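Structure first, then comments.
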Ligand code: 3PG
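Numbering (our numbering), first residue to last: 4 to 216.
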């Protein structure tokens with residue numbers, strides 16, 4: 004799957020909802036109710052970070068939830084791409100990009116949303132064929148002002164800013180012409196998951212799903 008086709012698929016996912024929840028799942032028992040809660044709130048595209056022991060099993064379990072489009076986050080290597088694909092991930096997100104990761108996602112037919120934070124990184128990804136990218140870490144890398152500046156010379160790149168995005172600044176990003184959606188962990192707080200407050204998470208998702216863009 005060429006980077007151009009991967010980007011096409013990533014853009015379609017980014018257009019499904021204004022927010023992609025970035026999920027850190029410590030307890031496998033949380034996976035299915037969490038996915039159900041977020042989908043019920045209108046957020047179907049879910050990024051499960053490969054930072055916890057049960058992440059791959061969580062991807063496997065959540066993929067069976069009706070309406071959920073489950074991908075893997077923190078995909079750093081060819082090995083990560085292969086095990087994410089084997090677990091049923093339908094896309095991969097990475098904080099940056101390396102030649103090995105790009106080659107692996109092409110081989111695995113796994114659409115990659117690669118990270119970029121500078122003009123050179125954006126240009127490098129465009130050269131490879133990626134037009135849809137994660138802007139990471141969005142806040143520290145310059146926030147909406149940086150994306151606005153990048154849109155001047157590089158309007159062909161479309162972003163999913165992630166890292167430091169919250170309900171208070173999400174619309175600053177979503178109102179930009181080169182932003183398709185944002186990523187964020189705020190819709191699935193660890194404390195609410197531990198307490199089983201799935202209705203509360205659905206309410207957070209509903210608010211996020213209604214963000215204008
Ligand atoms: C992360 O690094 O976990 C993601 O970029 C999400 O960042 P956030 O917690 O600031 O939403």
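Glycine residues also receive a C-beta, built at the ideal position from the N, C-alpha and C atoms. This one's a predicted model, so the numbers in the text were calculated from it and none came from an experiment.
| Asked | Found |
| --- | --- |
| Among 27, 38, 70 and 41, which residue has its Cα nearest to the Cα of residue 54? | 27 |
| Helix, strand or coil: which one does DSSP assign to residue 204? | helix |
| Under 8 Å between the Cβ atoms of residue 8 and residue 47? | no |
| Report back the beta-carbon spacing between residue 189 and residue 169 to the nearest angstrom; my notes put them in contact at under 8 Å. | 6 Å |
| Report the option in 166, 152 and 101 whose CA atom is closest to the CA atom of residue 143. | 166 |
| Can you tell me where the beta strand (DSSP E) holding residue 135 begins and where it ends? | 135-138 |
| With a threshold of 16 other CB atoms inside 10 Å of the CB of residue 2, please say whether the residue is buried or exposed. | Lying outside 4 to 216, the shown extent of the chain, residue 2 is not represented and no answer is given. |
| So does residue 168 have its beta carbon nearer than 7 Å to some heavy atom of the ligand 3PG? | yes |
| Using the Cα positions of residue 31 and residue 70, report the straight-line distance between them to the nearest angstrom. | 19 Å |
| Based on Cα-Cα distance, which residue from 56, 41, 147 and 183 lies nearest to residue 2? | Outside the modelled stretch of the chain, which goes from 4 to 216, sits residue 2, for which no answer is possible. |
| So for residue 146, helix, strand or coil by DSSP? | helix |
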